[in-house]
Amino acid sequence: MAIQVFCNVCFCEPRKPTPRLGLTSCVHVICEPCLQKGKEDECLICRTPCRTLFLSKQTDPDIQSLFMGIDTLCKKYSKEITQISEFQEKHRKHLLAYHRQKMAKLEESLKKVTQQIHQKQCMKPPEQTAQLPFSSTNRN
1 MAIQVFCNVC FCEPRKPTPR LGLTSCVHVI CEPCLQKGKE DECLICRTPC RTLFLSKQTD
61 PDIQSLFMGI DTLCKKYSKE ITQISEFQEK HRKHLLAYHR QKMAKLEESL KKVTQQIHQK
121 QCMKPPEQTA QLPFSSTNRN
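With the first letter of the sequence shown counted as 1, position 1 gets the number 1 in our numbering; the numbers rise by one all the way through.
Structural data, given as structure tokens:
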């Protein structure tokens with residue numbers, strides 16, 4: 001259910017034939033006859049400098065959403081949020097798979113290098129221990 005739209009000055013509601021309603025940049029809704037009574041580029045409600053956009057079927061969807069019912073907005077944005085969430089989850093999983101594959105390759109390389117080091121150590125002849133010039137048996 002859409003919200004009830006009315007002029008914030010005279011409180012007239014849209015009906016046919018209806019004066020056009022404008023949305024000010026300070027977010028007030030004012031009908032065309034009331035806009036003509038006020039100063040150009042100044043809001044009749046809050047007296048701040050503003051611009052006015054007349055509402056129509058061609059109005060930007062983001063502006064139109066200001067006049068949608070909360071239930072409709074929840075359904076609309078819930079679907080969008082679900083799509084975004086699914087995209088991000090798929091993206092994260094793809095990145096995680098890449099890093100897991102990279103880690104597996106690095107672990108395999110580490111295993112091979114460790115084996116090579118171990119083999120080289122086994123092939124070396126045992127080092128002979130050099131006796132020190134003074135041993136524990138030659139003490140006076």
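A virtual CB, placed ideally from N, CA and C, is assigned to each residue, including glycine.
- If you look at Ile-84, you'll find it in the alpha helix (DSSP H) that goes 70-123.
- By DSSP's assignment, Cys-26 forms no beta bridge with any residue.
- Excluding five sequence positions before and after Cys-12, the CB atoms of its chain that fall closer than 6 angstroms to its own CB belong to Cys-31, given in chain order.
- Note that the region 16-29 touches the region 47-56; at least 3 beta-carbon pairs, one per stretch, sit closer than 8 angstroms.
- Straight across, the Cα-Cα distance linking Val-113 with Leu-95 is about 27 angstroms.
- Where Leu-53 is concerned, the enclosing beta strand (DSSP E) starts and stops at 52-54.
- Going by beta carbons, Ser-25 and Cys-50 fall inside the 8 angstroms limit.
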